[in-house]
Amino acid sequence: MMSLLRNTTPWVICLLISLFFFTESVIAQNESLKGLKMLVYTKNGEGYVHDNIPFAVKAIQKLGDQHGFEINATDDPTVFSDSNLKQYDLLLFPSTNNDVFDNDEQRLAFRRYMQSGGGFIGIHSVVGTERNWEWFKQLVGGTFVWHPKFQKYQIKVIDPDHPTVQNLPVVWEKEDECYFMKELYPGIKVTMVHDLETLDQNERERIIASAVPFERLYPAVWHQSFDGGHVWVTALGHHIKDYEDPTFIQHVLQGIQYVAGRLDPLDYSRAYATDRDSEVIY
41 MMSLLRNTTP
51 WVICLLISLF
61 FFTESVIAQN
71 ESLKGLKMLV
81 YTKNGEGYVH
91 DNIPFAVKAI
101 QKLGDQHGFE
111 INATDDPTVF
121 SDSNLKQYDL
131 LLFPSTNNDV
141 FDNDEQRLAF
151 RRYMQSGGGF
161 IGIHSVVGTE
171 RNWEWFKQLV
181 GGTFVWHPKF
191 QKYQIKVIDP
201 DHPTVQNLPV
211 VWEKEDECYF
221 MKELYPGIKV
231 TMVHDLETLD
241 QNERERIIAS
251 AVPFERLYPA
261 VWHQSFDGGH
271 VWVTALGHHI
281 KDYEDPTFIQ
291 HVLQGIQYVA
301 GRLDPLDYSR
311 AYATDRDSEV
321 IY
């Protein structure tokens, strides 16, 4: 082996070392998912319901089979209780919209779960969920106001070193909806952005007005640690075909892996909220 290395050019050695560490990183990411249990929650309130939801559930169940984590999918809000949520490492809301809980006891249980160190993944219209609950809007990063028509445009990576964007196109041209939000929470850390210059300019005036205070680039994918929990949100994923697209599936998988890698065992002694609107302790 040593003689082989002595006869190998330095750039080949560097390549081999890089491949070794990349392989070790991929193995570690995959191992972080084994044995975890995820609740996929699909309930929608009154209003628009995305047809992508069953396709998203199917895709996530397939990822669970491939990577060794368990999926429970439901639209039943009664699953939100302290006793039931304790069994889950991660919660995932795929294109939920409007009010998805029946009462504030369920909202409080969700909040206490996150305060205990839970993980949350939000996809696409999750930013249109629970629009009257300030804490939830802070958790997901804002609340939906409008999107231009479904179209092909560019999404760009702005944090190339972040693990959630590895193996994704630096400039990702895809068909999707560019969601604009209000009440943006300043704690989010953006990894990918919508390039507004690549949208259909027939709607330019409304795009410019909706993007304030941003100009050309607008948040598309972000993460944060919030009120004790760990969060990753992508505003992408409108079309049913996304959930059969290897690039989009990789995108979601890496978001799940990132949150899973930050989890410790749930600790309900950290859950301090006594109602859904208890002031956040930073």
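Just so we're aligned: the sequence shown equals residues 41 to 322 in my numbering. All C-beta atoms, glycine included, are put in the ideal place defined by N, C-alpha and C.
For residue i, which of helix, strand or coil comes out of DSSP?
i    : result
R316 : coil
F95  : helix
A260 : strand
A68  : Confidence at A68 is low in this model, with a pLDDT of 43, below 50, so its placement is unreliable and the value that follows should be read with caution. Residue state, collapsed to three classes: helix.
D144 : helix
V89  : coil
L103 : helix
Q206 : coil
K281 : helix
Y322 : coil
P117 : helix
A275 : coil
A149 : helix
Which stretch, first to last residue, makes up the beta strand (DSSP E) that contains residue i?
i    : result
Y298 : Looking at the DSSP string, Y298 is not in any beta strand (DSSP E); the run it does join, the alpha helix (DSSP H), is P286 to A300.
I195 : Q191 to V197
A113 : E110 to T114
V166 : Neither: V166 is in no beta strand (DSSP E) and is coded neither H nor E.
L79  : K77 to Y81
Within a Cβ cutoff of 8 Å, which residues of the same chain sit near residue i, ignoring the five residues on either side of it in sequence?
i    : result
A251 : F220, L236 and Y258
V210 : K196, V197 and P200
T183 : V167, G168, R171, K177, M221, K222 and E223
T335 : Absent from the model: residue 335. The displayed extent of the chain is 41 to 322, so no value can be given.
T140 : The amino acid at residue 140 is misidentified as Thr; the sequence shows Val. Y81, K83, N84, G85, P117, F133, T169 and E170.
K229 : D199, W262, H263 and Q264
A99  : Y283, E284, I289 and V292
E319 : none
Name the DSSP bridge partner or partners of residue i?
i    : result
G159 : L130 and H270
T183 : K222
V230 : W262
N138 : T169
D235 : L257
Going by DSSP, what residue range makes up the alpha helix (DSSP H) through residue i?
i    : result
K177 : E174 to V180
E215 : Run containing E215: none in the alpha helix (DSSP H); it sits in the beta strand (DSSP E), V211 to D216.
N124 : D122 to L125
S250 : R244 to A251
Looking only at its own chain, which residues have a Cβ that is under 7 Å from the Cβ of residue i, when we skip the five neighbours before and after it?
i    : result
N207 : Q290
A149 : F120, S121, D122 and L125
L306 : K126, S156, G157 and G158
Y128 : K77, M78 and L79
A68  : Caution is warranted here: a pLDDT of 43 is assigned to A68, below 50, making its placement in the model unreliable, and the coordinate value is therefore given only provisionally. Excluding sequence neighbours, A68 sits near nothing in its chain.
L303 : D129, G157, G159 and H270
Spatial neighbours of residue i within its chain, please: CB distance less than 6 Å, with the 5 preceding and 5 following residues excluded, ordered by chain position.
i    : result
Q191 : D240
E215 : K192
Y308 : S156
L45  : A caution first: L45 carries a pLDDT of 43, below 50, which makes its placement in the model too unreliable to give a value.
I321 : none
Taking 7 Å as the line, does the beta carbon of residue i fall inside it for any heavy atom of the ligand FAD?
i    : result
I100 : Looking at this structure, you won't find the ligand FAD or any other ligand, since it has none at all.
At a Cβ threshold of 8 Å, is residue i touching chain C?
i   : result
N84 : Of the protein chains in the structure, only one exists, and it is not chain C.
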